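Encoded as structure tokens, the structure appears first; notes follow it.
In this note's numbering, the protein residues as written are 1364 to 1760.
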């Protein structure tokens, strides 16, 4: 078994494509992708705030103060409504970014007129900051009108606050910063790590089964004095090592880039979160991945043994991503906790356990049951893989 393992491992290390997915992707490209997404998202939000908005005002004479405020504001360009054009169509045809219609009888004194509703027409199909930018212009005028109305009936500022908010809730969050941040990123960590573990094992798995069939080296291996079961175990260990290596590099990469982001970029939340995580919890996160990687390895090797060609093996392995994504997405959904039936759902329970470990709220006794149950599933799949490899009609189909 060990001779087969060392032989296959040597071939995996020599394969540049496999090493790329095992090491370079999680170590460098993944942080770059995440950083790029964050950068372009913030840039899109900034561009939306600075974009010059074309607008049309309807019945602007009813609210001259508001109309003048919008007309004098930077980043706004007024366009007159064409004769006979319906407002909705005017906006849909992209003649303007928005149309603001003032009601008849508009008076800024709310004691005289009551509440006024300005109608804002805009295309909300894409990302924009039209409403927020208008509210920045309208809110000061509305607040001033409110204060003047209260002053006219001799109500002090303290009384104004009480009338506006007679009952308020004071939030006292008993969760620490680690728990708050862990709730947000815990599910994402499991999602990324699972996908990378699966991806890291796909290429070596396809090569160790279907690839050997294409090269004609499988027959040579079968007539060697090595027992078939040991051949399977050797190939299985090679795929598992590839998956575990990808997982380990991924966890280390996240830790390293997290420290860089937290200290180098002075992101206080990330820095305090990393300081709060125990080394034991990080080790347990990694250990929980081992039976998961064993499940992936057994499945991938079974599919590769069945496939006739390397390309066919990749076609069979592609849909596995869906079966990995679904249980991890369930773990990331709000209200799904590591209790009841969810503690026994394969992969979902591991993802939930990883999230609890990152949050620092894990009941460590539960890890035993989750680890054992996942290991049993991995053992059954490995047993099926051995049975599959011993069938001539599968090997030479």
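Every residue gets a Cβ at the ideal spot worked out from N, C-alpha and C, and that includes glycine.
No experiment lies behind these values; they were computed from the predicted model shown.
| Query | Result |
| --- | --- |
| As assigned by DSSP and simplified to three states, the class of residue 1672 | coil |
| Test item: CB-CB of residue 1687 and residue 1710 under 8 Å | yes |
| Ranges of the alpha helix (DSSP H) found wholly within the stretch 1658-1705, counting only runs of at least 4 | 1673-1680 and 1683-1695 |
| Proximity winner among 1667, 1736 and 1418, relative to residue 1708 (alpha-carbon distances) | 1736 |
| Own chain partners of residue 1513 with C-beta closer than 6 Å, once the 5 adjacent residues on each side are dropped | 1523 |
| Beta-bridge pairing of residue 1439 - partner residues as DSSP gives them | 1416 |
| Residues of its chain near residue 1717, where Cβ-Cβ distance is below 7 Å and the 5 sequence neighbours each way are ignored | 1549, 1552, 1553, 1648 and 1651 |
| Segments of 4+ residues assigned as alpha helix (DSSP H) that fall wholly inside the stretch 1548-1600 | 1575-1578 and 1581-1585 |
| First and last residue of the uninterrupted alpha helix (DSSP H) at residue 1729 | 1727-1752 |
| Whole-angstrom distance between residue 1738 and residue 1412, CA atom to CA atom | 52 Å |
| Cβ neighbours of residue 1504 in the same chain (closer than 8 Å, five flanking residues each side left out) | 1428, 1429, 1432 and 1471 |
| 8 Å Cβ cutoff met for residue 1669 and residue 1555 | no |
| Buried/exposed call for residue 1696, threshold 16 Cβ in 10 Å | exposed |
| Top-ranked residue by Cα proximity to residue 1725, from 1671, 1541, 1461 and 1443 | 1541 |
| Buried versus exposed call for residue 1612 [16 or more other C-beta atoms within 10 Å across all chains shown] | buried |
| contact_flag[the stretch 1445-1459, the stretch 1524-1534] where n(CB pairs < 8 Å) is 3 or more | no |
| Cα-Cα separation between residue 1460 and residue 1498, rounded to whole angstroms | 15 Å |
| The stretch 1720-1734 contacting the stretch 1581-1594, beta-carbon criterion three pairs below 8 Å | no |
| Beta-carbon spacing of residue 1567, residue 1605 below 8 Å | yes |
| Limits of the alpha helix (DSSP H) - the one that residue 1444 falls within | From DSSP, residue 1444 is part of no alpha helix (DSSP H); its letter is neither H nor E. |
| 7 Å Cβ shell around residue 1629 - same chain, five flanking residues per side excluded | Summary for residue 1629: the model assigns pLDDT 45, below 50, so the residue's position carries little reliability; its value from the coordinates is reported in the next sentence. Excluding sequence neighbours, residue 1629 sits near nothing in its chain. |
| Inter-residue spacing [alpha-carbon to alpha-carbon] between residue 1588 and residue 1672 | 26 Å |
| Cβ-based burial, residue 1704 [other Cβ within 10 Å; buried from 16] | exposed |
| Segment limits, beta strand (DSSP E) that includes residue 1461 | 1461-1464 |
| Bridge-paired residues (DSSP) for residue 1421 | 1464 |
| First and last residue of the uninterrupted beta strand (DSSP E) at residue 1483 | 1482-1485 |
| Backbone CA spacing between residue 1748 and residue 1661 [nearest angstrom] | 6 Å |
| Counted within 10 angstroms of its Cβ, other Cβ atoms place residue 1762 as buried (16 or more) or exposed | The structure shown does not extend to residue 1762, since the chain spans only 1364 to 1760, so no value can be given for it. |
| Contact belief for residue 1421 with residue 1462 at Cβ below 8 Å, rounded distance in angstroms | 6 Å |
| For residue 1689 and residue 1344, the rounded distance between their alpha carbons | Shown here, the chain extends from 1364 to 1760; a query on residue 1344 therefore has no answer. |
| Status (buried if at least 16 other CB within 10 Å, exposed otherwise) for residue 1713 | buried |
| Contact under 8 Å by Cβ, residue 1569 with residue 1500 | no |
| DSSP state of residue 1712 mapped onto helix, strand, coil | helix |
| Beta-carbon proximity of residue 1599 to residue 1701, cut-off 8 Å | no |
| Contact set for residue 1518: own chain, Cβ-Cβ below 8 Å, skip 5 residues either direction | 1526 |
| Member of 1415, 1676 and 1733 whose CA lies at the smallest distance from the CA of residue 1653 | 1733 |
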